[in-house]
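Undergrad: Sharing a structure here in structure tokens format.
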Amino acid sequence: MRGESSIFRAVLNWPAWRDRPSQTTRTIAMDIIRIRDKAGFAAHRGAIEMLFTECFGDRLSADVWEWAYLTNPNGAGVASLCYDGERLVGHYAAIPVRLKSDARAVNAYQSMTTMVSADYRKEGLFVKLATDTYAQARELGIDCVLGFPNAMSTPGFRNKLNWTLPEPDYVATLSKSELLLAADHFRRGPEQWRLDLDDAANREWRLSKPGAACVWDDGLAYKRHGDNIDVLAFDDPAQFERLPEAAGISILVPATVDALRSHLAFEYQFGGIGICSAFDPAQVQRQMGISDVF
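Take the sequence shown: its position 188, counting from 1, is numbered 183 in this note's numbering, and each next residue is one higher.
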């Protein structure tokens, strides 16, 4: 059963070598399924898990998937799925992420779990599914879609989906004293969008991610990671004083800050695309809490 999600037919040309050695092509019909509600995601869960295992070589965490797609208090995600018969071969989805500036809330969605079966890559399916998802987002009045694409998908987001991708930010690991000395690098402007943890429902959900030991301290959110700490979100860098001592404190650093590159752990690319509003990456205060990885 595929639930009540809307379905339309897409006709694509696939290389005939999938059947036999040849230079010709064959035409087959594929089902592109649109999902805009949590029941629709639940109905396709088994197929999504199988495609995830194929693409990433590991099982999808059931608890994390439920957390992201089914228990999100900000609403349902939006997705375009491609089936070849009963087999799911492509998946593009985005979930609502609650952002705000001092002046307004932002109807933003986060792109995540982009997948195309190895047998169907290099045929434009990634672009087709993403473009269809953005068309749905436009119908729903979504301001923008943003995210942290990995190195494999970054060229596709930049060159084929027209995402705006600035120089990559980076995660730095510092001692508490080093972080306090660097606090001025993390100040934001009043018009910058930030993760909205003032909303109790969103805060409880975001800090309850399975497998994470998160702490909320009146505007400061962090996660224990062994002997280290990941800084998820903060209202003011003066709040760093309230962080406990740890072997290391990891924080997402803007690409424009060169002073902390000697503490670089890894780069972390951010970007996005405007849907119903213009999108400028500089308008977003990037923090670990916006990413589903942390």
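Idealized CB from N, CA, C, for every residue including glycine.
DSSP three-state call for H39: helix, strand or coil?
TA: In the structure shown, H39 sits in coil (DSSP, three-state: anything other than H, G, I, E or B).
Undergrad: In its own chain, which residues sit with a C-beta less than 8 Å from the C-beta of D164, not counting the 5 before and 5 after it?
TA: So the qualifying residues of the chain are L247, V248, P249, A250, E262, Y263, Q264, F265, R281.
Undergrad: What's the C-alpha gap between S272 and A103?
TA: Approximately 10 Å between the Cα atoms of the pair.
Undergrad: Considering only their Cβ atoms, is the gap separating A207 from D222 smaller than 8 Å?
TA: Not closer than 8 Å, so no.
Undergrad: Express the C-alpha separation of G72 and V59 in angstroms, rounding to a whole number.
TA: Cα to Cα, the separation comes out at about 14 Å.
Undergrad: Where are the beta strand (DSSP E) runs, 3 residues long or more, that stay fully inside the region 51 to 138, in chain order?
TA: DSSP runs (the beta strand (DSSP E)) wholly in the region 51 to 138: 73 to 79, 82 to 95, 100 to 111.
Undergrad: In the DSSP assignment, the alpha helix (DSSP H) including R201 goes from what residue to what residue?
TA: Where R201 is concerned, the enclosing alpha helix (DSSP H) stretches over 195 to 201.
Undergrad: Specify the secondary structure class of N223 as computed by DSSP and reduced to three states.
TA: Here N223 sits in strand by DSSP.
Undergrad: Identify which residue in D231, K117, R256 has its Cα closest to the Cα of L190.
TA: When only C-alpha atoms are compared, the closest one is D231.
Undergrad: Taking the CB atoms as reference points, tell me whether E121 and T108 lie closer together than 8 Å.
TA: The sequence shown places Phe at residue 121, not Glu. Result no, Cβ atoms of F121 and T108 do not sit closer than 8 Å.
Undergrad: State the CB to CB distance for the pair T159 and G284, rounded to an integer number of angstroms; the pair is presumed to be in contact (CB under 8 Å).
TA: Incorrect: roughly 21 Å between the Cβ atoms, too far for contact.
Undergrad: For the region 75 to 89 against the region 173 to 181, do three or more pairs of beta-carbon atoms, one drawn from each stretch, fall closer than 8 Å, so that the two count as touching?
TA: Counting Cβ pairs under 8 Å, fewer than three are found: no touch.
Undergrad: Closer than 6 Å by C-beta to D97: which residues in its own chain qualify, once you throw out the five before and the five after it? Chain order, please.
TA: Excluding residues within five positions, the ones whose Cβ falls inside 6 Å are P185.
Undergrad: Hey, quick one: how far does the alpha helix (DSSP H) through L176 stretch, first residue to last?
TA: Here the alpha helix (DSSP H) through L176 covers 171 to 176.
Undergrad: Measuring alpha carbon to alpha carbon, tell me which residue in A233, R153, P205 is nearest P144.
TA: Of A233, R153, P205, the residue nearest in Cα terms is R153.
Undergrad: Alpha carbon to alpha carbon, how far is L65 from K33? Give it in angstroms, no decimals.
TA: K33 and L65: Cα-Cα distance of roughly 6 Å.
Undergrad: Which of the three DSSP states is assigned to P232 in this structure?
TA: Note: P232 maps to helix in three-state DSSP.
Undergrad: In the DSSP assignment, the alpha helix (DSSP H) including F152 goes from what residue to what residue?
TA: Start and end: 149 to 154.
Undergrad: Would you grab the beta carbon distance between Q278 and W188 for me? Rounded to a whole angstrom, and I think it's under 8 Å.
TA: Correct: roughly 6 Å between the Cβ atoms.
Undergrad: Identify the continuous beta strand (DSSP E) that holds L247 and give its terminal residues.
TA: Element bounds for L247: 243 to 248.
Undergrad: In three-state DSSP terms, what is A167?
TA: A167: strand per DSSP, three-state reduction.
Undergrad: Measure the alpha-carbon distance for A132 versus V140 and round it to whole angstroms.
TA: Cα to Cα, A132 sits roughly 8 Å from V140.
Undergrad: Please go through the same chain and pick out, in chain order, the residues whose beta-carbon is closer than 7 Å to the beta-carbon of G151, but skip the five residues on each side of it.
TA: Closer than 7 Å at Cβ, skipping near neighbours: F121.
Undergrad: A254 and D68 - do their beta-carbons sit closer together than 8 Å?
TA: Here the sequence assigns Pro to residue 68, which means Asp is not the residue at that position. No; because the gap between Cβ atoms is not below 8 Å, this pair is not in contact.
Undergrad: Secondary structure at T159, three-state DSSP: helix, strand or coil?
TA: Of the three classes helix, strand and coil, the one that applies to T159 here is strand, per DSSP.
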